[in-house]
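Chemist:
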Amino acid sequence: ALFTNVYYLIIDEKSIVGLTTLAWLNIRCREIFLAQASYPFSSLNIILASDFY
(Lines of atoms letter the chains of each structure in order from A and count residues from 1; the text may use other names and numbers.)
(Lines give C-alpha, C1' and ligand atoms only; values in the text may rest on other atoms or scores of the structure.)
Protein backbone atom coordinates (compact mmCIF):
# COMPACT_ATOMS: atom_id res chain seq x y z
CA ALA A 1 0.00 0.00 0.00
CA LEU A 2 3.05 2.23 -0.07
CA PHE A 3 2.68 3.08 -3.77
CA THR A 4 -1.09 3.34 -4.05
CA ASN A 5 -1.15 6.88 -5.47
CA VAL A 6 1.93 6.76 -7.68
CA TYR A 7 1.30 7.38 -11.37
CA TYR A 8 3.71 7.14 -14.30
CA LEU A 9 3.48 8.23 -17.91
CA ILE A 10 5.97 6.34 -20.06
CA ILE A 11 6.82 7.87 -23.42
CA ASP A 12 8.83 5.64 -25.73
CA GLU A 13 10.76 7.30 -28.56
CA LYS A 14 11.19 10.71 -26.97
CA SER A 15 12.69 11.96 -30.22
CA ILE A 16 9.25 12.21 -31.85
CA VAL A 17 7.70 14.13 -28.93
CA GLY A 18 8.29 17.85 -29.32
CA LEU A 19 7.97 20.71 -26.87
CA THR A 20 4.47 21.49 -28.10
CA THR A 21 3.32 17.97 -27.28
CA LEU A 22 4.95 18.09 -23.84
CA ALA A 23 3.27 21.43 -23.15
CA TRP A 24 -0.09 19.97 -24.20
CA LEU A 25 0.50 16.95 -21.92
CA ASN A 26 1.29 19.30 -19.05
CA ILE A 27 -1.97 21.19 -19.56
CA ARG A 28 -4.02 17.98 -19.80
CA CYS A 29 -2.40 16.51 -16.67
CA ARG A 30 -3.23 19.69 -14.76
CA GLU A 31 -6.85 19.42 -15.92
CA ILE A 32 -7.13 15.75 -14.95
CA PHE A 33 -5.28 15.86 -11.61
CA LEU A 34 -6.72 19.08 -10.18
CA ALA A 35 -5.54 18.48 -6.61
CA GLN A 36 -1.91 19.03 -7.61
CA ALA A 37 -2.36 21.38 -10.54
CA SER A 38 0.25 23.82 -9.23
CA TYR A 39 3.07 21.34 -9.98
CA PRO A 40 4.45 20.53 -13.44
CA PHE A 41 2.47 17.64 -14.93
CA SER A 42 0.50 17.63 -11.64
CA SER A 43 3.30 15.61 -10.00
CA LEU A 44 2.83 12.82 -12.54
CA ASN A 45 6.09 10.91 -13.02
CA ILE A 46 7.22 11.14 -16.65
CA ILE A 47 9.66 8.60 -18.08
CA LEU A 48 11.12 9.47 -21.49
CA ALA A 49 12.76 6.51 -23.19
CA SER A 50 14.68 6.22 -26.40
CA ASP A 51 17.99 5.16 -27.88
CA PHE A 52 20.44 7.67 -26.45
CA TYR A 53 23.50 8.00 -28.68
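The letter at position 43 of the sequence shown is residue 53 when you use our numbering, and the numbering goes up by one with no holes.
Where is the CB? At the ideal position from N, CA and C, for every residue including glycine.
Using alpha carbons as the reference points, say which of 43, 31, 14 and 12 lies closest to residue 58.
Modeler: Indexing the sequence shown from 1 puts residue 58 at position 48. Among 43, 31, 14 and 12, the Cα nearest to that of residue 58 belongs to 31.
Chemist: Whole angstroms are fine: how far does the CA of residue 48 sit from the CA of residue 14?
Modeler: Mapped onto the sequence shown, residue 14 falls at position 4. Mapped onto the sequence shown, residue 48 falls at position 38. Linking residue 14 to residue 48 through their CA atoms gives a straight-line distance of about 21 angstroms.
Chemist: Please state whether DSSP places residue 15 in a helix, a strand or coil.
Modeler: Numbered from 1 along the sequence shown, position 5 holds the residue referred to as residue 15. In this structure, residue 15 counts as coil in the three-state DSSP scheme.
Chemist: Restricting to Cα atoms, I'd like to know which of 27, 24 and 46 is closest to residue 16.
Modeler: Taking the sequence shown and counting its residues from 1, the one referred to as residue 16 is at position 6. Measuring from the Cα of residue 16, the nearest candidate turns out to be 46.
Chemist: In this structure, does DSSP put residue 44 in helix, strand or coil?
Modeler: Within the sequence shown, residue 44 is the residue found at index 34, counting from 1. Correct three-state label for residue 44: helix.
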